[in-house]
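Heads up: the sequence lines are chains V, R, X and E, in that order.
For my numbering, add 782 to where a residue sits in the first sequence, where the first one is 1.
For my numbering, add 782 to where a residue sits in the second sequence, where the first one is 1.
For my numbering, add 782 to where a residue sits in the third sequence, where the first one is 1.
For my numbering, add 782 to where a residue sits in the fourth sequence, where the first one is 1.
Protein chains: 4
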Amino acid sequence: MSVDPGDIVEVSTEDCFGGMVKTSRDLPSETVAFDRLNPVSGPIEIRGAEPGDLLAVHFASIVPARDYAISATFPHFGALTGSHETVTLQPPLDERVWIYDIDVDAWTATFSATRSDHRLVMPLDPMHGTVGVAPASDEVRLVVTPSTYGGNMDTPELRAGVTLYLPVNVPGAMLSLGDGHARQGEGELCGTGLECAMNSVIAVDVVKGAAPAWPRLQNDEYLMSTGSMRPLEDAFRISQRDLVNWTAELTGMDTLDAYQLVSQTVRTPAANVCDPNFTMMAKLPTWALHDASVYGGMHQHLKAVSAKYRN
Amino acid sequence: MSVDPGDIVEVSTEDCFGGMVKTSRDLPSETVAFDRLNPVSGPIEIRGAEPGDLLAVHFASIVPARDYAISATFPHFGALTGSHETVTLQPPLDERVWIYDIDVDAWTATFSATRSDHRLVMPLDPMHGTVGVAPASDEVRLVVTPSTYGGNMDTPELRAGVTLYLPVNVPGAMLSLGDGHARQGEGELCGTGLECAMNSVIAVDVVKGAAPAWPRLQNDEYLMSTGSMRPLEDAFRISQRDLVNWTAELTGMDTLDAYQLVSQTVRTPAANVCDPNFTMMAKLPTWALHDASVYGGMHQHLKAVSAKYRN
Amino acid sequence: MSVDPGDIVEVSTEDCFGGMVKTSRDLPSETVAFDRLNPVSGPIEIRGAEPGDLLAVHFASIVPARDYAISATFPHFGALTGSHETVTLQPPLDERVWIYDIDVDAWTATFSATRSDHRLVMPLDPMHGTVGVAPASDEVRLVVTPSTYGGNMDTPELRAGVTLYLPVNVPGAMLSLGDGHARQGEGELCGTGLECAMNSVIAVDVVKGAAPAWPRLQNDEYLMSTGSMRPLEDAFRISQRDLVNWTAELTGMDTLDAYQLVSQTVRTPAANVCDPNFTMMAKLPTWALHDASVYGGMHQHLKAVSAKYRN
Amino acid sequence: MSVDPGDIVEVSTEDCFGGMVKTSRDLPSETVAFDRLNPVSGPIEIRGAEPGDLLAVHFASIVPARDYAISATFPHFGALTGSHETVTLQPPLDERVWIYDIDVDAWTATFSATRSDHRLVMPLDPMHGTVGVAPASDEVRLVVTPSTYGGNMDTPELRAGVTLYLPVNVPGAMLSLGDGHARQGEGELCGTGLECAMNSVIAVDVVKGAAPAWPRLQNDEYLMSTGSMRPLEDAFRISQRDLVNWTAELTGMDTLDAYQLVSQTVRTPAANVCDPNFTMMAKLPTWALHDASVYGGMHQHLKAVSAKYRN
């Protein structure tokens, strides 16, 4: 698929299990090979995008495509278990599947406990866990590992209304996306959100020569830098340094003054603490920048042109 | 000082520099010895508190006591520099002091850049960086290291309106507090907030035999668990496991069901990523617990009895 | 290049700078692009090797090909500086180049300080920093990142006389090697060893269906497991768990008994603490296994058939 | 107990379980409270030692005092299990006790597997896991946490023939020691060595004004720096930076030249990867320093005066 900068694209994505987990008896570890998890839609070629450019992807709409979503504990995956990276000799936690009822009209997901009758109705907050471009240096990577090219960052900030900025590493950028979650807590504690197929609408554009070192996000209230690394403090440091540098650039302040300003105003939710790289967010309220113009008002522009697709 | 459970106490605290940094020429590293940073007010003995009890400390009011606050880069301290723990051969960042104007009537702090004329008026959001009790096992610790006994957790969540729950380790609990910040970003990036002397009002109470393993907080919207450890993912894990266990206890669900529920609803701001232990917060919205009663409604009780002191 | 199991192969490798740093004025950061560092010789196809097999590579001889070797501090690379992963706001350490005189006849390298007249003659201890096979799951990776497929592990244990065991992920295994060091301390502290082109002789063979999860090594005195991960304790844990499992398998003991035996006899040098993944070694003396037979005596066999090439 | 610099002292120490674990049915977690583990002998006051001085402790002899030693898995303690710091939701590994037969005449320890008839005779290599002085800044710490004052570093390098250098923080230094191991692998993988009561002979002396920042060791072949911190790379960095600075001081080279020299010659065994702080060793062969004199030949002096006590 090939599109032009400025185009609006409707994308359907499968859930992270490729749609193969449908009941609480379909254990993911028996149903899907680990390196086949997280199938993505794409790649989408953005014509004219060249290495060194910035790719802007605005999410106008993300809507669950099914009336259920799946969450699960996957053996040796998640923040509160030994993992493939933090290995121990202990057996894995039990593998268990939770089925959530999704009601798009009511905009709710319903949790049902598996070992008691506890139920909870939660608001939907749909997002894409995985959005990325082709890596630099001719590398080919499993999307499960988030890095400078985006990938499986698994942040709930990637909801409708946000614009994602990615570096272009290869001609055409080669955008792909997937791993929709009907909602997810910060940190993706158990390793999965409310995994769900999605129907999404995105608007894409290009800023020549403006590639960021790491993925950035913007919504109406915040500028956000990301860092994806292990250990978690290195992900934190990467996201914060990028935000400090971005602030210095937008305000004309020197680095230490920007460091000071960010220190007193930043918000720092985790994105994921379960993937092969952990992802941290650094969020600066736009009021702290006197509402400075960012990438020539790209976020506002893409929001406006895709307004009629907003869900 | 000795008080009874149920008492309301007015406490004045010095800033983290003992009040000795007053101008941008007073470099903290030359003005205060490292192990004399963070003086605290106390200890306050709570009569009848015994090891194994829970000490509840409700913050009714925290108000800056001066018309200025200080922030600074301190050599080899902070999240974006090599430190005493993460040592490198590089020279430290420049030591620099920022003076903020505090206007309690307008409820604002004004940032002024040191190398340009950039200024920003920010809302006040006063908090205590350091609140703790005497450690267990006859240890004596510098308060700069946060741990199970509380201490220098440096979370902006410790603002007026919150109730802090601490384990009692010694008879009388021996509560101390200090390190007021007129505001602070999450993570305390540069190592300091808007350091300021404070006038605070707290209400204290005791729940027999209910000592939590790690400090917990509660406000009208969230239950919060904390973890203070290095590396950052271990602080994250501690806070999240405590929240999972707390959720299981309050809902009667089994551990994996609670793990699932927390995974989809939790918020995870950093408290500090600069102290000898890093601190992470795990925040669960009370709606996710059907507004379950916590410690017999202690938070609501202390909020009510101290209502007239609210600022 | 295509060889058969049992073949002996002579390989010439360039140094990690592609031979382009020749004097102390050739700063690596100006001479070589980061993603062109560490060129490797290969890939060598081993006919008949299939996914799931074990590839054994015995190093009969590794001899410096030049009369000098290069070491350098590279900006933001090395264990005692902020890096591309552990980012700070501090400027990098000075970039500096050291030229060592290599005397193959005397089997020495001579260090000369750059800012004083301190000199030291050291014994040569040649090794390959980078030896690996094609990754699994169709990934393509820069060799600078060590992982399950081998790659830039940078361990001084990879000297002549050792047999390296690698998992085969693709038909033919596709072996490549390079990054010779005339010697290197454990941990590769400053980010480089005595970087040198090498003439090496290897003997390769295949054990059907015996792919290890992580690279393993064997010499006459030790069995060695490796782990490449961040943070360093995770690299440690991976290497130790592999050694525990290997010990259990070779002795018939249960896992906890093997854990106990390894705990009291293992040696644990770092390989590198500077690359995008850190590498730790877990070394078990063969006497602790009553000299159990490993992979059918593969190490002894390859050592014998290549004996005449030993340097 | 109070001694003079230059004195030789005979010390008996209990094992880390206070002698209360005697059979494989005495589970440590049921027999000893966690904060009563690791009892130490002392404190020994060294008359005339003042803050800022260096305390030298030469170990002339360390001999097992019993004909058995104990090792065990302790719940949530050890490198290959979730722990009190790296928490997970998984149940602990089985708690199991191993009894080793100690034969001082043959200088052997005999391992017997608990679930098979595998046996292994190992050479003794007695060491003290815990040697430390009173902390600075009026802190009081459980000895189980190693830090700048020494404490529970758990390195097999602390065997007879080594001299340990510690900073003096309080008048008299207040030396204590214990936690003898009849032998231990590097890293103390399962959390315990061959725990054994010991009869030891030490020689103590003081160098005025020469306090090192972190504990250092010296034997006939190596100078050693230590670092105790989490995560493991920070322990590594601390030990390496101290060794670089020490090398610069002893050779007169600048820091980067010393960094280079250490990089190519250092050895880096883990001490422990299980305690509340992890400990790494940085070992420089004395030949790399042209056998420079260290602390006025203190190691050679103490070795000579205590020669008749050598075991």
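Built from N, CA and C at the ideal position, the CB exists for glycine as well.
As the structure is a prediction and not an experimental result, all values here were calculated from the model.
Legend entry - Amino acids of chain R, ordered along the chain, whose beta-carbon sits closer than 9 angstroms to that of residue 969 of chain X: Counted from its first residue, the third sequence places residue 969 of chain X at position 187. What residue 969 of chain X touches in chain R: nothing, since even the nearest Cβ is about 14 angstroms away.
Inset, instruction - Determine, using beta carbons only, whether residue 863 of chain E comes closer than 7 angstroms to chain V. - result: Sequence index remark: in the fourth sequence, residue 863 of chain E carries index 81 (1-based). For residue 863 of chain E, the nearest beta carbon of chain V is closer than 7 angstroms to its own beta carbon.
Inset, instruction - Just list the beta strand (DSSP E) runs in the stretch 957-1003 of chain R, keeping only unbroken ones of 3 residues or longer that don't cross its boundaries, in chain order. - result: Complete beta strand (DSSP E) runs here, min 3: 957-963, 980-989 and 998-1000.
Inset, instruction - Output yes if chain R places a C-beta closer than 7 angstroms to the C-beta of residue 1000 of chain X; else output no. - result: Taking the third sequence and counting its residues from 1, one reaches residue 1000 of chain X at position 218. Look at residue 1000 of chain X: its C-beta is not under 7 angstroms from any C-beta on chain R.
Inset, instruction - Just grab the DSSP bridge partners of residue 1077 of chain R for me. - result: Residue 1077 of chain R sits at position 295 when you count from the first residue of the second sequence. Residue 1077 of chain R is bridged by DSSP to nothing; it lacks a bridge partner.
Inset, instruction - Flag residue 870 of chain V as yes if its beta-carbon sits less than 7 angstroms from any beta-carbon of chain E, otherwise no. - result: Locating residue 870 of chain V in the first sequence gives position 88, counting from the first residue. Residue contact with chain E for residue 870 of chain V: present (Cβ-Cβ distance below 7 angstroms to some residue of chain E).
Legend entry - Spatially closest choice to residue 837 of chain V from V/891, V/869, V/932 and V/1087, by CA coordinates: What you label residue 837 of chain V is simply residue 55 of the first sequence in a count that begins at 1. Closest option to residue 837 of chain V, Cα to Cα, is V/932.
Inset, instruction - Give the range of the beta strand (DSSP E) segment to which residue 902 of chain R is assigned. - result: Within the second sequence, the letter at position 120 stands for residue 902 of chain R. 901-905 is the span of the beta strand (DSSP E), which, as asked, contains residue 902 of chain R.
Inset, instruction - Note down, in chain order, every chain R residue with its Cβ under 7 angstroms from the Cβ of residue 875 of chain X. - result: Taking the third sequence and counting its residues from 1, the one referred to as residue 875 of chain X is at position 93. Going along chain R in sequence order, the residues near residue 875 of chain X (Cβ under 7 angstroms) are 871 and 872.
Inset, instruction - Taking only beta-carbon positions, decide if residue 1023 of chain R is within less than 7 angstroms of chain V. - result: On the second sequence, residue 1023 of chain R is found 241 positions in, with the first residue counted as 1. So, interface residue.
Inset, instruction - Say whether chain V places a C-beta atom closer than 7 angstroms to the C-beta of residue 938 of chain E. - result: Here the question's residue 938 of chain E lines up with position 156 in the fourth sequence. Between residue 938 of chain E and chain V, the shortest Cβ-Cβ separation is not below 7 angstroms.
Legend entry - chain B contact for residue 1039 of chain R (CB, 7 angstroms cutoff): Given the protein chain composition of this structure (V, R, X and E), no chain B is represented.
Inset, instruction - Compare the beta carbon distance of residue 847 of chain R and residue 981 of chain R with 7 angstroms and say whether it is the shorter of the two. - result: Here residue 847 of chain R refers to the residue found at position 65 when the second sequence is read from its first residue. Here residue 981 of chain R refers to the residue found at position 199 when the second sequence is read from its first residue. Yes, the Cβ-Cβ distance between residue 847 of chain R and residue 981 of chain R is below 7 angstroms.
Legend entry - Contact list for residue 817 of chain X against chain V, beta-carbon separation under 8 angstroms: Indexing the third sequence from 1 puts residue 817 of chain X at position 35. Going along chain V in sequence order, the residues near residue 817 of chain X (Cβ under 8 angstroms) are 918 and 919.
Legend entry - For residue 975 of chain E and residue 1054 of chain E, the rounded distance between their alpha carbons: Residue mapping note: residue 1054 of chain E aligns to position 272 of the fourth sequence, counting from 1. Residue mapping note: residue 975 of chain E aligns to position 193 of the fourth sequence, counting from 1. Computed Cα separation, rounded: 10 angstroms.
Inset, instruction - Determine the extent of the beta strand (DSSP E) in which residue 1041 of chain E is found, giving its start and end residues. - result: Counting from 1 along the fourth sequence, the entry for residue 1041 of chain E is found at position 259. Residue 1041 of chain E -> not in any beta strand (DSSP E); alpha helix (DSSP H) instead, spanning 1037-1047.
Inset, instruction - Could you spell out where the alpha helix (DSSP H) holding residue 813 of chain R opens and where it closes? - result: Within the second sequence, numbered from 1, the residue matching residue 813 of chain R stands at position 31. Per DSSP, residue 813 of chain R belongs to the alpha helix (DSSP H) from 810-813.
Inset, instruction - Go ahead and label residue 817 of chain E buried or exposed: buried means 16 or more other beta carbons lie within 10 angstroms of its beta carbon, across all protein chains shown. - result: Taking the first residue of the fourth sequence as position 1, residue 817 of chain E is located at position 35. Its Cβ having fewer than 16 others within 10 Å, residue 817 of chain E is exposed.
Inset, instruction - Quick one: list the residues of chain X neighbouring residue 1011 of chain V, beta-carbon separation under 7 angstroms, in chain order. - result: On the first sequence, position 229 is the one that residue 1011 of chain V refers to. 867, listed in chain order.
Inset, instruction - Label residue 792 of chain E either buried or exposed according to how many other C-beta atoms from any shown protein chain fall within 10 Å of its C-beta, with 16 as the threshold for buried. - result: The count along the fourth sequence starts at 1 and reaches residue 792 of chain E at position 10. That one is exposed.
Inset, instruction - Sort out for me which residues DSSP pairs residue 1065 of chain E with in a bridge. - result: What you label residue 1065 of chain E is simply residue 283 of the fourth sequence in a count that begins at 1. Paired residues: E/1006 and E/1049.
Inset, instruction - Take the Cβ of residue 805 of chain R as the centre, count every other Cβ of all protein chains shown within 10 Å, and call the residue buried at 16 or more, exposed below. - result: As a first step, residue 805 of chain R is located in the second sequence; it is residue number 23 there, counting from the start. For residue 805 of chain R, the number of other beta carbons within 10 angstroms of its own is below 16, and it is reported as exposed.
Legend entry - For residue 1027 of chain E and residue 1003 of chain E, the rounded distance between their alpha carbons: If you number the fourth sequence from 1, residue 1003 of chain E lands on position 221. If you number the fourth sequence from 1, residue 1027 of chain E lands on position 245. Going by the C-alpha atoms only, they are around 19 angstroms apart.
Inset, instruction - Would you decide whether residue 1086 of chain X is buried or exposed? Buried here means 16 or more other CB atoms lie within 10 Å of its CB. - result: Here residue 1086 of chain X is taken as the residue at index 304 of the third sequence, counted from 1. The residue in question, residue 1086 of chain X, is exposed, as its Cβ has fewer than 16 Cβ neighbours within 10 Å.
Legend entry - Contacts that residue 924 of chain E makes with chain R (C-beta to C-beta distance below 9 angstroms): The sequence position of residue 924 of chain E within the fourth sequence is 142, counting from 1. Within chain R, the residues near residue 924 of chain E are 919, 920 and 921.
Legend entry - chain V contact for residue 977 of chain R (CB, 7 angstroms cutoff): Here residue 977 of chain R corresponds to residue number 195 of the second sequence, with the count starting at 1. Not flagged as an interface residue toward chain V: residue 977 of chain R, since no C-beta distance is shorter than 7 angstroms.
Inset, instruction - May I ask you to verify whether the stretch 994-1009 of chain X touches the stretch 871-880 of chain X, counting CB pairs closer than 8 angstroms and requiring at least 3? - result: In short, these stretches do not touch, since the Cβ pair count stays below three.
Inset, instruction - Go ahead and label residue 979 of chain V buried or exposed: buried means 16 or more other beta carbons lie within 10 angstroms of its beta carbon, across all protein chains shown. - result: If you number the first sequence from 1, residue 979 of chain V lands on position 197. Buried, since its Cβ has 16 or more Cβ neighbours within 10 Å.
Inset, instruction - Please list the residues of the stretch 893-912 of chain V that have a C-beta atom closer than 8 angstroms to any C-beta atom in chain R, keeping them in chain order. - result: So the list reads 893, 895, 896, 897, 898, 900, 902 and 904, given in the order they occur along the chain.
Inset, instruction - For residue 831 of chain R, collect the residues of the same chain with a Cβ closer than 8 angstroms to its Cβ; drop the 5 residues on either side in sequence, then sort them by chain order. - result: To locate residue 831 of chain R, count along the second sequence from 1; it is residue 49. Once the five neighbours on either side are set aside, the close Cβ partners of residue 831 of chain R are 787, 837, 950, 953, 954, 955 and 988.
Inset, instruction - Name the one or two DSSP bridge partners that residue 882 of chain R has. - result: By one-based count along the second sequence, residue 882 of chain R stands at place 100. Answer by DSSP bridge pairing, in chain order: R/851.
Inset, instruction - Could you tell me which chain X residues have their CB closer than 8 angstroms to the CB of residue 1019 of chain V, listed as they occur along the chain? - result: Here residue 1019 of chain V is taken as the residue at index 237 of the first sequence, counted from 1. Ordered by position in chain X, the residues that pass the 8 angstroms Cβ test against residue 1019 of chain V are 868, 869 and 870.
Legend entry - Rounded straight-line distance, which links the Cα of residue 967 of chain E to that of residue 865 of chain E: Counting from one through the fourth sequence, the residue named residue 865 of chain E turns up at place 83. Counting from one through the fourth sequence, the residue named residue 967 of chain E turns up at place 185. Distance between the alpha carbons of residue 865 of chain E and residue 967 of chain E: 20 angstroms.
Legend entry - Pairwise C-alpha distance: residue 795 of chain X and residue 1020 of chain R: For this step, residue 1020 of chain R is matched to residue 238 along the second sequence. For this step, residue 795 of chain X is matched to residue 13 along the third sequence. For residue 1020 of chain R and residue 795 of chain X, the distance between alpha carbons rounds to 48 angstroms.
Inset, instruction - Grab me the residues of residue 854 of chain E's own chain with a C-beta within less than 6 angstroms of its C-beta, minus the 5 sequence neighbours each way, in chain order. - result: To locate residue 854 of chain E, count along the fourth sequence from 1; it is residue 72. The beta carbon of residue 854 of chain E sits closer than 6 angstroms to the beta carbons of 810, 879 and 974 from its chain, once the five residues preceding and following it are set aside; these are given in chain order.
Legend entry - Contact under 7 angstroms by Cβ, residue 906 of chain X with residue 985 of chain X: One-based indexing of the third sequence puts residue 906 of chain X at position 124. One-based indexing of the third sequence puts residue 985 of chain X at position 203. Pairing residue 906 of chain X with residue 985 of chain X gives a Cβ-Cβ distance that is not under 7 angstroms.
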